[in-house]
Every structure is written in structure tokens, then in C-alpha cells.
Amino acid sequence: MFSTISSLKSAYRQLQSAHAPYDLDKIRKADKAVVAELERVSELKRSYRKILDVVSLGQSEQRSEAPTQIGDDKKEVTSKTYVGRFNNFQDEIDKKNAELNNLRDLLAQATAKNEKLERRMKRSEHKLPKDPLNNPPKDLSPTPQLLEHVLLRASEASRGFAKLLMSFMQVAQWDLNAAANSIVPNINYAKSADKKFAFESYVNHRMLSGFENENFHVNAAESTAIDPEKTPQQCFKEFHELRSADVLDVITSDPQGNFAKYCLHRFLDIVHQRMEESFFGNLEHRDQVSAGIHPKSQFYQDFLKLAKAMWILHRLAYSFLPKARIFQVQRGTGFSPLYMDNVTRLSETDMNNSNATWEVAFTVVPGLRVDKTIIKCQVYVVAAPVSDS
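This is the structure in C-alpha cells:
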């Protein structure tokens, strides 16, 4: 009985752990395990009741017969001891039943929560735009919708690496306020947490610098004679090959290629000498990168994921004819929802209802122009200063 209850507890713990992080397959398996253990407990309870019925029947028969042999008193004492033990066992059963009922209630709550999460996930799936890179058609071609999706993935990668930089800065006891101010000075942030957008802007600016050049200016010997018809086809082919490839395989198989050089150059740009020394207490990354060697550290592996996202964005932008062009908004420009998205939670309705005039403090994620299509840039907005006149 105790073993079964322990197994039931273990199964319920597995059910709980399957919710964080949310894993539908694990939840279903854990749910089946809990139900199986509940059935085992019920079977034990039925077996115990059968034993009680047999004991009660034996006691009734014993009371109906007159004692005819010496030793009946001893049998009666033994019987009382046996019944007493069963009563104790009944108390334990009652406790376990109460615990079992409690677990059933918890299971019902978890199941209800699970169903609610499933419904929410289904609603979210309907709202999310379809990923054009999931089971792409054989005739997949460059489109503004595909470019917008790849830009979104690149911005997610830059956001993740910006958070990584900030975590290293905190461990190294940097003054994050001073660091954010050195990136974009004199910004009146609505919330202290909004300084994260300055670091994200820093990552994007460093990684996308030189976007207007076919190879990010990483190849000093690149040819000035470019076939305008061949370039888009070649770039789209490179986009296809790299997006599904392992980044380490790419840089090791072609260490002198433009992408490998881009990774080396951009790492030195984004992680400057003082930053690396404060993070790691040495300059081993910088020494290896300067020698053309890609470090094996997890920090550099995380950087490579960012570099890949930015490079395939660039390859796709150059797959158009004419090529897609990057743009960002200067500080002090009035906010326009036609080609800008505000990164804060302040909605467009709130901004319209406010008496303030909103202007751009800095660009977080640049936008793109593809022929007549504009893919909005993401900006951090602040209230414009009120004129004294």
C-alpha cells in the first residue's frame, strides 16, 4: 500500500514538472501514470475490504460456538490482537484515502489547467503568422513576407544576445545605467527596465554595420565588377544553404569564406577589449579571433547563432532585384506608425489620446525597403520636450 502511494506521488510530481516547461507529450504520459496508480490503490482497497469481510465472518462464527476446548481464551486474545492490527491498518487506509482524494483534486485541477493551456495555445497558433520556412515549397522565392519573417528572427537573436551581454555585465558589476547612457546618451526612459532596448540597439547597429555592401565589407579583395543578374540568384542560394546548416560546420568547412570572416570581424566589434577582460579576466577570445581561430566557448557559440541570423537576413535582402535597403530613424523624428513600430507597451491608442507629442529617441531594430514595400523599423519613443514659446 505504501509503495503504491509513493508511486502515485511520484507520478503526480512528473505531471507537475511536465507543465514547466510546458510539454504536452509528457503531460499525457504522466496523466496516464497517475490514473494507473489510482486504479492500483482502488484495487488494494477492494482487496482489503474482502479480507475484512472474511475476518468478520470468522468472528461471528466464533461467537456463535461455545468454547469446548482448553485454549479458547488464548484464541480469543489472538483474535483481538489480529482485529486490533486490522483496525490500525484501517486508520492508515483512511489517511491514505484522504491523501488520495486530495491528489485526485489536484489532478483534476492540473487537468483543467492543462486543457485551458491547450485552448490558449490553439488560439495563439491561429493568431501567429505562418512561418514561411516551415515545409517551404520547392519554388520558394524572395518575397517581402519572407524577408519580414527573417528580420523578426534576426531581431529575436539580437534581443537574446543583448540579454546575455547584460547578464555578464551584472556579474562583472558594471553600472548598467552608465553603459546604456554611453550607447544612447541622455534618454529619459519611461521605466528602468527599458534600458535593455539600448543594448539591443547596440547589438543590431554593430552586427548590421556595412549592410549596404554585398559582403559587409569583410573581404578586402572583393571584386567591384558585379553581375546584377547573377548576384540575387547566388545570394538566395546562399540563404537557402545557410539557414538549415549547422553554423559550426559552415565556418569550419570554409574558414576563409565571407561568413567565417564576418563572424570574426563582428565579434571584435561587438565585444571590445575592456568588455571581454571584465567578463572573463583575460583576452583569450580576442587573441584567438585575431588569429583567425573560432573559440570553442559557449559564449562564442551563442554569438555564432546571432551572426548566422544576421548573415542570412543580409543574403535574403540581396536576393531581390533591386536589393532590399535598410533604414533607421534619426533621433528627434516625429513618430509615424506608417513605417515605425513602438517597442514599448504604450499602444497607438494611448499615444493618440495623450496630449504629448511623441518622437523617436533611437532605433532599436532597423527597417527594410523592398521596392514599394516597407517593413517597419522598431523604435523607442519618448515625449517630445515642450516648447517654452
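Numbering (our numbering), first residue to last: 915 to 1303. Idealized CB from N, CA, C, for every residue including glycine.
| Query | Result |
| --- | --- |
| Segment contact flag, the region 1271 to 1279 with the region 1238 to 1248, C-beta cutoff 8 Å, min 3 pairs | yes |
| Option in Asn1269, Ser1211, Thr1277 with minimal Cα separation from Ala1297 | Asn1269 |
| C-beta contact flag for Asn1100 and Val1278 at 9 Å | no |
| Span of the beta strand (DSSP E) around Phe1082 | Counting along the chain, Phe1082 falls outside any beta strand (DSSP E), though it belongs to the alpha helix (DSSP H) covering 1058 to 1085. |
| Rounded C-alpha distance that separates Gln1004 from Glu953 | 19 Å |
| Straight-line Cα distance separating Ser1106 from Thr1258 | 12 Å |
| Where Val1243 sits in the DSSP three-state scheme | coil |
| Rounded straight-line distance, which links the Cα of Pro1209 to that of Asn1123 | Residue identity check: residue 1123 is Ser in the sequence provided, not Asn. The alpha-carbon atoms of Ser1123 and Pro1209 are separated by roughly 23 Å. |
| Sub-9 Å separation of Lys1110 and Met1080 beta-carbons | yes |
| The region 1186 to 1198 in contact with the region 1145 to 1153 per 3-pair CB rule at 8 Å | no |
| Which listed residue (Arg1018, Arg1200, Gly1171) has its alpha carbon closest to that of Phe1181 | Arg1200 |
| Sub-9 Å separation of Ile1240 and Phe1125 beta-carbons | yes |
| Among Met1189, Ala1174, Lys1290, Pro1056, the one whose alpha carbon lies nearest that of Ile1207 | Ala1174 |
| Beta-carbon gap between Lys873 and Gly1074 smaller than 9 Å | Only positions 915 to 1303 of the chain appear in the structure, and residue 873 is not among them; the question remains open. |
| Beta bridge counterpart(s) of Ala870 as assigned by DSSP | Only positions 915 to 1303 of the chain appear in this structure, which leaves residue 870 out of reach. |
| Inter-residue Cα distance where the pair is Tyr1294 and Phe1150 | 32 Å |
| Inter-residue Cα distance where the pair is Ala1086 and Ala1094 | 15 Å |
| Under the three-state DSSP convention, the category Asn1256 falls into | strand |
| Span of the beta strand (DSSP E) around Leu1282 | 1281 to 1284 |
| Asp1229 versus Val1064 - alpha carbon distance | A small fix is needed here, since residue 1229 is Arg in this sequence, not Asp. In a straight line, the C-alpha of Arg1229 is about 11 Å away from that of Val1064. |
| Option in Glu1062, Ala1076, Leu1090, Ala1104 with minimal Cα separation from Arg1120 | Ala1076 |
| Where the alpha helix (DSSP H) through Ile1207 begins and ends | Taken as a continuous stretch (DSSP letters only), Ile1207 belongs to no alpha helix (DSSP H), as it is neither H nor E. |
| Val948, DSSP secondary structure in three states | helix |
| Cutoff 6 Å; reference Ala1139; Cβ partners in own chain excluding five residues on either side | For Ala1139, the pLDDT reaches just 45, beneath the cut-off of 50, and the residue's location in the model is therefore unreliable, leaving the point undetermined. |
| 8 Å Cβ shell around Ser1072 - same chain, five flanking residues per side excluded | Glu1114, Val1117, Asn1118, Met1121, Leu1220, Ala1223, Met1224, Val1279 |
| Rounded C-alpha distance that separates Glu957 from Leu1031 | 33 Å |
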